[in-house]
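Student: Can you read through this structure? Questions will come right after.
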Amino acid sequence: MPSIDPITRDLWQVIAATDEVPVGLVEITTLLDVRLALTRDNDGNPVVWRRTDEEQGDEIDPETVLDRLPVITGYGYIWTSLGTPPKELFPIPEYAEADRKNMSCGSIGLAVSAPRAVENFLDMGHFPYVHTDILGAEPHTEVKEYDVEVSEERDEVLATRCKFIQPRAAKSATEAMEVEYVYRVPHPFCSVLYKSCPEDENRRDVIAIFLQPMTEERCRAHLLQSMIDSTSTITDLRRFQQTIFGQDKPILENQYPKRLPLDPRAETPIRADKSAIAYRRWLSQKGITYGVIPMAS
Amino acid sequence: MTITLYDFELSGNCYKLRLLMSILKLRYNIVPVDFYPDRQHKADWFLRLNPFGQLPVLKDDDLILSDSGAILAYLAKKYDESGQWFPNDPAVTAEVLRWHAVADDITSTASAARLALGFFYDFDIEKAQKGAHRIFRLMDEHLWFGEREGRDWLCSPDHPTTADIACFPYVMLSEEGGISRQDYPALRRWTDRVRRIPGFMVMSGIFPAGRAAEES
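The listed protein sequences derive, respectively, from chains A and L.
Per our numbering, residue 1075 is the first one in the first sequence, and the count goes up by one each step.
Per our numbering, residue 56 is the first one in the second sequence, and the count goes up by one each step.
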């Protein structure tokens, strides 16, 4: 079994959408090559433990589970840790705004490492080719200059002033618009993006991807949408996001190697990859080795 | 007439109908059904439309239909003025239905592997993958010999039929189930031909055919 670096071990890791885990029934999953079982007790609180002989769908009395892993809930998801996690999750303050439609969009398996999936989420260059007529269209293929910094205070990668012309920026969009994005990477395997909201020019829709590293070359993508949209249903909004994600999936799964190379000479970046370069460097400086090909020392 | 499709974007079986309706230039409404994660295809309101709890369902005015293969036949017989997509000739009808049955076998193998790996269905992945490879091998041979005889499609007519539409989606999505098509060159060439049918449309996970071959 591959070793889990101490940083990764001590992080909170997402494992499931809270509402999708039935009370008193076992769900099984894999986190960092460790087999896990989870359920919810009668109060709806998640219980997570290392799986032994439990099978998917088994009935279980959560009270009988004594050897539990740490649990926190946030943004509609259950998070656990194999080590000693911090007190809190990274903040997404917008999630608490009363008029937002918050939803999970399904947990989808990807045959690629979690960091590769984060990097794809940060990339705008593929919009016109992969999300044709939705998030981009020829001839508007240029990724304009944008800013990237690593915030020391919050320990996260931040890309700002990202602009792109999008034919259909969101479910609520009725015409093409130049959309401004802000990307945050507040966790080695999670990214949050803020994009201009078609319905309210003073606010931003929030879309986040939380990756659950199952193995070094497989992950589970948990998608969160926190939207300003007074007309669409949750089903409509989920469908929009799943359409986008379904387009990314084959592209991501064809990336090789499946682990993310951190050596700057391993893959040739272009100017549009500024955020990816900062992300790789940040992972390297943190000492993340799970799901990446570390720089030769 | 008003056609309504009860639809899930990432479903290959729903896409079969979107694809044929696009080719036949039919207008239709979509009612999105949250197959995943909400399992709305097992909800009471959906089971009243289709007690088997499966997508897709299509409503044409008051007529409610289910099963993608049956609906393909219905749409072709009712709306295809050329009569080519579901031909009347008895022998060809039998051929088409034979491949509709293969399409269902592709669903229970290639699509099952995709559901297990992508959507965490509790299926036997290895068995599903093996089953899909067995079918792909047979299809590849059938198509390879077809090319030698000047036949481009699954059935004998010199044009595509609903058989090609029915078998296409889960062949194209097979890699999501960990099933490579690398060893099936004739199968791959056939998927390119399907993607060049006038009126072809994509779904998430299926990209248009490259332009290069068109120009050559």
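We put the CB at the ideal spot given by N, CA and C, even for glycine.
(1) Compare the Cα-Cα distances from R1242/A to each of V1222/A, E1273/A, E1226/A and E1227/A and report the closest residue.
(2) Is the CB-CB distance between L1298/A and Y1149/A below 7 angstroms?
(3) Just to confirm the assignment, what range does the beta strand (DSSP E) spanning M1251/A have?
(4) Taking C-beta to C-beta, are V1186/A and W1356/A nearer than 7 angstroms?
(5) At a CB distance below 9 angstroms, what residues from the segment 188 to 201 of chain L approach chain A? Give them in sequence order.
(6) In angstroms, rounded to a whole number, what distance separates the CA positions of G1098/A and H1261/A?
(7) If the cut-off is 7 angstroms on Cβ atoms, which residues from the segment 1125 to 1148 of chain A count as contacting chain L, listed in chain order?
(8) Rounded to a whole number of angstroms, what is the C-alpha to C-alpha distance between P1144/A and A1111/A?
(9) Quick one: complete beta strand (DSSP E) runs, 3+ long, within the segment 163 to 193 of chain L?
(10) Which of the three DSSP states, helix, strand or coil, is assigned to K80/L?
(11) DSSP state of M1288/A, grouped into three classes?
(12) Where does N68/L land, buried or exposed, given buried means 16+ other C-beta within 10 angstroms?
(13) Would you mind reading off the limits of the alpha helix (DSSP H) that contains Q1316/A?
(14) So, does the CB of E64/L fall closer than 7 angstroms to a CB anywhere in chain A?
(15) On the DSSP bridge assignment, give the partners of K1223/A in chain order.
(16) Just the C-alpha distance for G254/L and L79/L, rounded to the nearest angstrom, thanks.
(17) Going by C-alpha to C-alpha distance, which of Y225/L, L242/L, H214/L and A165/L sits closest to V257/L?
(18) I need the straight-line Cα distance from E136/L to P1096/A, nearest angstrom please.
(19) Pop quiz: S1181/A and P87/L are said to be a contact at Cβ under 8 angstroms. What is the actual Cβ separation, rounded to whole angstroms?
(20) What residues of chain A sit near Y91/L, judged by a beta carbon separation below 7 angstroms?
(21) In the DSSP assignment, the beta strand (DSSP E) including W1153/A goes from what residue to what residue?
(22) Going by beta carbon distance, what residues of the same chain come within less than 7 angstroms of A241/L, once the five residues before and after it are set aside?
(23) Where do the N-terminal and C-terminal ends of the alpha helix (DSSP H) with T1359/A fall, by residue?
Tutor: In this structure, then:
(1) E1273/A
(2) yes
(3) M1251 to H1261
(4) no
(5) none
(6) 31 angstroms
(7) Q1130
(8) 13 angstroms
(9) none
(10) coil
(11) strand
(12) buried
(13) I1308 to E1327
(14) yes
(15) First, the amino acid is wrong: residue 1223/A is Glu here, not Lys. The partner list for E1223/A (beta bridge, DSSP) reads L1232/A.
(16) 8 angstroms
(17) Y225/L
(18) 50 angstroms
(19) In fact, because the Cβ distance is near 19 angstroms, the residues do not count as touching under 8 angstroms.
(20) G1180
(21) Y1151 to T1154
(22) D195, L198, W199 and E202
(23) It should be pointed out that residue 1359/A corresponds to Gln in this sequence rather than to Thr. That run of the alpha helix (DSSP H) goes K1348 to K1360.
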